DNA sequence: AAATATACTTACTTAGTAGTAAGTAAGCAA
DNA sequence: TTGCTTACTTACTACTAAGTAAGTATATTT
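Protein chains in written order, with our numbering: chain A, 5 to 189; chain B, 5 to 189.
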């Protein structure tokens with residue numbers, strides 16, 4: 005165990021969120037970690053393997069975080085989710101889903117499947133959170149919970165993209181409006 | 005005049021929307037048009053020039069379309085805009101803004117500026133449409149029109165991205181919910 | 001008829017890219 | 001102490017990218 009593998013994944017995660025999956029190379033990972041190109045290939049033979057690992061860690065992280073919020077009221081859980089995006093925004097990151105969705109068609113099947121797995125996981129959690137929140141009267145919305153979950157997810161995803169182009173206030177504006185719509189009615 | 009230049013731009017537009025700006029090469033344009041790589045360079049010396057042209061044509065197209073809708077009620081204008089996205093969705097395209105926002109950080113300054121110009125144009129139009137629509141009581145929403153415009157734009161943008169990953173029903177779900185929220189209250 | 005411009009092609013350079021094959025140093029295991 | 005594994009490095013291959021220089025065919029102008 006050297007920690008190098010973890011550093012590679014973390015570097016890749018950052019690069020996917022800043023430049024996009026197709027826009028970084030093994031060199032971009034190797035150079036700042038002061039290892040050689042081939043060392044990255046040792047841990048991840050193909051770039052696809054690295055991509056899959058990055059997504060798997062994100063799925064795991066999401067599961068952990070949402071698990072911790074279980075006892076909170078649903079509107080609070082939603083606020084925490086928005087906060088995760090807020091943090092990414094302040095670090096200049098875009099969301100993993102947003103970044104990977106753009107390049108989706110260029111991915112190997114194994115990676116496409118993983119991206120879908122991640123998307124399904126987030127939407128499923130969000131749908132349940134909304135449904136339960138409506139039952140407990142702390143979240144208010146019209147229509148099906150699943151449709152609303154897609155709407156919210158799309159907002160969070162794009163808010164980070166728009167922020168990059170239109171300045172970081174775009175995120176705040178979207179996030180605030182979103183929470184207001186859902187929680188103060 | 006040979007029409008080749010127009011074909012190149014149209015091909016590039018399609019490629020940006022399907023694969024992303026960094027994921028296609030001049031070869032991907034030249035081969036299907038049965039011309040050589042260098043012919044593309046003849047019309048667009050650098051890839052950045054091609055990108056700028058694609059965006060400029062999109063800005064022009066947006067201006068033309070919205071111009072045609074001027075006499076319509078604002079909720080109808082909004083419906084037309086959603087319809088433009090619906091067409092892209094059925095063709096497997098993602099929106100130009102969404103695609104370019106992901107790769108934004110990797111662009112040359114000239115292209116970054118053009119992307120911002122396009123974003124500003126869309127948001128400005130949408131903000132005015134919403135404001136006027138609220139005044140005329142055919143569009144209903146809370147909060148500032150500008151914030152709402154960002155929210156809607158982010159929805160349309162991401163709906164195409166999510167559709168690609170989660171299947172084309174995702175778009176319909178988001179678009180329907182969106183129009184319902186704004187127009188039937 | 002000669003000069004010029006347009007729209008390319010041919011053939012190339014430079015600078016990457018992912019990926020691999022072979023070697024090595026350090027540590028542990030029998 | 002010999003062998004095996006881990007975690008790399010060195011040195012490469014095969015390929016693709018953007019971009020360029022020089023030449024050519026065709027049409028247009030003078």
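Backbone N, C-alpha and C define an ideal beta-carbon position, used for all residues, glycine too. This structure is a prediction, so every number in the text was calculated from the model and none was measured.
Item: Neighbour list for residue 108(B) in chain A, Cβ cutoff strictly below 7 angstroms; Value: 168 and 169
Item: Any non-hydrogen atom of the ligand ZN within 7 angstroms of residue 185(A) CB; Value: Of ligands this structure carries none, so the ligand ZN is not represented either.
Item: Residue of 150(B), 73(B) and 133(B) minimising C-alpha distance to residue 143(B); Value: 133(B)
Item: Start-end ranges of the alpha helix (DSSP H) lying completely within the segment 112-187 of chain A, minimum 4 residues; Value: 113-139, 149-170 and 173-187
Item: Alpha helix (DSSP H) runs contained entirely in the segment 44-109 of chain A, provided each spans 4 or more residues; Value: 51-72, 78-94 and 100-107
Item: Distance, residue 70(A) Cα to residue 155(B) Cα; Value: 25 angstroms
Item: The segment 13-32 of chain B / the segment 91-108 of chain B touching (three or more Cβ pairs under 8 angstroms); Value: yes
Item: Chain A residues whose Cβ lies nearer than 9 angstroms to that of residue 55(B); Value: Chain A residues near residue 55(B): none, gap ~14 angstroms exceeds 9 angstroms.
Item: The segment 24-41 of chain B in contact with the segment 175-187 of chain B per 3-pair CB rule at 8 angstroms; Value: no
Item: Burial state of residue 42(B), where buried means 16 or more other Cβ atoms lie within 10 Å; Value: exposed
Item: Boundaries of the alpha helix (DSSP H) in which residue 31(B) is found, first to last residue; Value: 30-37
Item: Buried versus exposed, by CB contacts within 10 Å (16 or more), residue 118(A); Value: buried
Item: Under 8 angstroms between C-beta atoms of residue 13(A) and residue 57(A); Value: yes
Item: Residues near residue 167(A) in its chain [Cβ-Cβ closer than 6 angstroms; skip 5 each side]; Value: 93, 174 and 175
Item: Meets three-Cβ-pair contact criterion under 8 angstroms: the segment 95-114 of chain A and the segment 34-48 of chain A; Value: no
Item: Beta-carbon neighbours of residue 103(A), restricted to chain B and to distances below 7 angstroms; Value: 106
Item: Pairwise C-alpha distance: residue 135(B) and residue 147(B); Value: 11 angstroms
Item: Any chain A beta carbon closer than 8 angstroms to residue 134(B); Value: no
Item: Where the alpha helix (DSSP H) containing residue 9(B) begins and where it ends; Value: 8-22
Item: 8 angstroms Cβ cut-off: residues of chain A touching residue 67(B); Value: What residue 67(B) touches in chain A: nothing, since even the nearest Cβ is about 19 angstroms away.
Item: Buried or exposed by the 16-neighbour rule on C-beta atoms within 10 Å, applied to residue 124(B); Value: exposed
Item: Contacts of residue 190(B) in chain A (Cβ-Cβ under 9 angstroms); Value: Because residue 190(B) is not part of the residues shown, which for chain B are 5 to 189, the question remains open.
Item: Whether residue 158(B) touches residue 178(A) by CB criterion (8 angstroms); Value: yes
Item: Where residue 82(B) falls, given that 16 or more other Cβ within 10 Å makes a residue buried; Value: buried
Item: Residue 32(B) versus residue 163(A): straight-line alpha-carbon distance, rounded; Value: 31 angstroms
Item: Proximal chain B residues relative to residue 152(A), where beta-carbon distance stays under 7 angstroms; Value: 181
Item: C-beta contact flag for residue 131(B) and residue 153(B) at 8 angstroms; Value: yes
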